[in-house]
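Chains as they are written, first to last, in this note's numbering: chain C, 598 to 833; chain S, 598 to 833. Cβ atoms here follow ideal geometry from the backbone N, Cα and C, with glycine treated the same way.
Number of protein chains: 2
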Amino acid sequence: MNLIVLFKDDFLNGSGKVRISGRRLKHVLEVHRACAGDELCVGISGGQIGRGKITHLTNEHLEMDVRLSIAPPPALPVTLVLALPRPKVLRRTLTAASSMGVKKIILINSYRVEKSFWQSPALVKESIERQLVLGLEQARDTVMPEVITKPLFKPFVEDELPAIIRDTTALLAHPQASASCPRGLEVRVTLVVGPEGGFIPYEIEKLTACGFIPVKMGERTLSVESAVPALLARLF
Amino acid sequence: MNLIVLFKDDFLNGSGKVRISGRRLKHVLEVHRACAGDELCVGISGGQIGRGKITHLTNEHLEMDVRLSIAPPPALPVTLVLALPRPKVLRRTLTAASSMGVKKIILINSYRVEKSFWQSPALVKESIERQLVLGLEQARDTVMPEVITKPLFKPFVEDELPAIIRDTTALLAHPQASASCPRGLEVRVTLVVGPEGGFIPYEIEKLTACGFIPVKMGERTLSVESAVPALLARLF
């Protein structure tokens, strides 16, 4: 936790004083091993970053005087469209994408997405937010990504995706592509990453018909959780 | 498992016929859902890749006729020097690095590496190999990376690292660096990645004195498990 994300409810009525407990307090006590008087890096959800000076610290709660002065780091100009991975991989990938500055993630269906994944507790709003906050805390960011689920492939690709990719470079990560993934882009990108086992030919056809260019990262097929950080680091 | 890695012991006395059981059989039955007559992608450890035609398949074992004809994908020209992460992160990072084509990994100590990590079962030879094989299976590779442990920071950096970095571009991933991580290199690289919480100033000094150039990937501090795929994808 390189930054503690603070929410409106943490502030004591309109002041610059906050009180936190629970997971964040535990981390401060056990990992930072902070004491009263120490300063911690903090930021307000969706807003500025600054320092919090600990004024009171017990095993029950922590109080800080907070001064916020710096803008959060810039976002990546990308919309990540991800075939819903299995729950464990989803959790890690949400945290990784959030830490790298992705602000819009669309989870889609695919033939090779197991139906049970759509019933996973990892898709509950609170669970998704928890993973995203972990990424923000890691990267000293405050701006929560938006996560949208689209459980029907065909209507999403036909009716909604064309508007999403307008004015963006639309790339489909596909290990069998002939083109290499571009590097160091400074344009807005819509990036589609398939399921374990890959998209089926019908899905590749629908996505290329929609305007996506298949690109690969060398000869190697990467797992979703490696592919997402690798693609983002290469693209931007 | 996009490729089944075969070992010498899997071959029935000197023939092109192999017999496997255990984890690999389970995967073929449950994930590939293969039948007798089907062909699977296989490769011999350290050697060529080809196809295995299933001649016999039960819940106890699988027999294949194997023809090998293709070289494994090229390795990345990198030596990865990694401050020993906590066991869970070590396992995932070994698999990710192996899948991306890293062939030499040196696990080192650092002030912020907890002593207990060096006693972890994740460092046992069999455990390391299991994670590396998972990466090879993912990326359709056959060449096992070499993993070396160096539990003493100072003697390693002073006495061994100078010879390791000779004729390589020596880079130290460091979120506070002023230089950006280079892209698309075609030279041999020695890449050092620090622990969670980062190297302490003394360690940074020792590494830069040894010849390492600190480089960063934007303003964001990434977790080790995101940083490794991100750095490798950006460098090569």
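Scanning its chain for C-beta atoms nearer than 8 Å, with the 5 sequence neighbours on each side dropped, one finds no residue around S/Asn610. The C-alpha of C/Val710 is placed about 21 Å away from the C-alpha of C/Lys813. When the Cα atoms are used, C/Ala668 and C/Arg648 turn out to be separated by approximately 13 Å. Within chain S, Ala830 have C-beta atoms less than 7 Å from the C-beta of C/Met814, given in sequence order. Rounded to whole angstroms, the gap between the alpha carbons of C/Ala824 and S/Pro826 is 8 Å.
When DSSP assignments are scanned along the region 724-764 of chain C, the uninterrupted stretches of beta strand (DSSP E) that are 3 or more residues long and fall wholly within it turn out to be 743-747. In chain order, Ala680, Phe750, Gly791, Pro792, Phe796 and Glu800 place their CB closer than 7 Å to the CB of S/Ser707, counting only its own chain and leaving out the 5 sequence neighbours on each side.
Taking the Cα positions, S/Asp606 is about 14 Å away from S/Arg621. When 8 Å is used as the limit between beta carbons, C/Met697 is near these residues of chain S: Arg817, Leu819, Ser823 and Ala827, in chain order.
In this structure, C/Thr676 places its C-beta atom within 9 Å of the C-beta atom of C/Ile702. Note: C/Lys813 is bridge-paired with C/Ser777 in the DSSP secondary-structure output.
Using a 10 angstroms sphere on the CB of S/Ser820, the tally of other CB atoms reaches 16 or more, which defines it as buried.
For C/Leu828, the enclosing alpha helix (DSSP H) starts and ends at Val821 to Leu832.
Across the set S/Glu783, S/Pro798 and S/Ala774, the C-alpha of S/Ala774 shows the shortest separation from the C-alpha of S/Pro811. Residue pairing by DSSP places S/Met661 opposite S/Val615 and S/Ile651 in a beta bridge. Any Cβ of chain S closer than 9 Å to the Cβ of C/Asn610 would place that residue at the interface, and such an atom is absent. With the criterion set as a beta carbon lying under 8 Å from some beta carbon of chain C, the members of the region 667-681 of chain S are Pro670 and Pro671, in sequence order. With contacts defined as CB atoms closer than 9 Å, C/Met661 and C/Leu637 qualify as a contacting pair.
Nearest in C-alpha terms to C/Gly808, of all of C/Ala767, C/His653 and C/Phe608, is C/Ala767. When the Cα atoms are used, S/Pro759 and S/Cys632 turn out to be separated by approximately 53 Å. Taking the Cα positions, S/Lys614 is about 50 Å away from S/Gly794. If you ignore the 5 residues before and after C/Gln728, its C-beta comes within less than 6 Å of the C-beta of Arg688, Leu691 and Thr692, all in its own chain and listed in chain order.
C-alpha of C/Ser717 to C-alpha of C/Phe753: approximately 21 Å in a straight line.
Around the CB of C/Thr655, fewer than 16 other CB atoms lie within 10 Å, so the residue is classed as exposed. In this structure, the alpha-carbon of S/Val686 lies about 15 Å from that of S/Lys712.
Scanning S/Val730, S/Leu782, S/Gly815 and S/Gln735 for the CA closest to the CA of S/His771 turns up S/Gly815.
In this structure, C/Gly640 lies near C/Ile601, with their beta-carbon atoms less than 9 Å apart.
Distance from the CA of S/His629 to the CA of S/Asp635, rounded to the nearest whole angstrom, comes to 10 Å. Under a criterion of Cβ atoms nearer than 9 Å, the residues of chain S adjacent to C/Gln735 are, in order, Arg817, Thr818, Leu819, Ser820 and Ser823. Between S/Val744 and S/Leu704 a beta carbon distance of about 7 Å is seen, short of the 8 Å cut, so the two are scored as contacting.
For the region 773-788 of chain S, the residues whose beta carbon sits under 7 Å from a beta carbon of chain C are, in order, Arg780 and Gly781. For S/Leu603, the secondary structure class from DSSP, reduced to helix, strand or coil, is strand. Listed as beta-bridge partners of S/Glu636 by DSSP are S/Lys650.
Between S/Leu828 and S/Val678 the beta-carbon gap is near 12 Å, outside 8 Å, which marks them as no contact. Spanning the alpha carbons of C/Ile761 and S/Pro742 requires a straight line of approximately 41 Å.
For C/Ala693, the neighbours in chain S by C-beta distance under 7 Å run, in chain order, Ser823.
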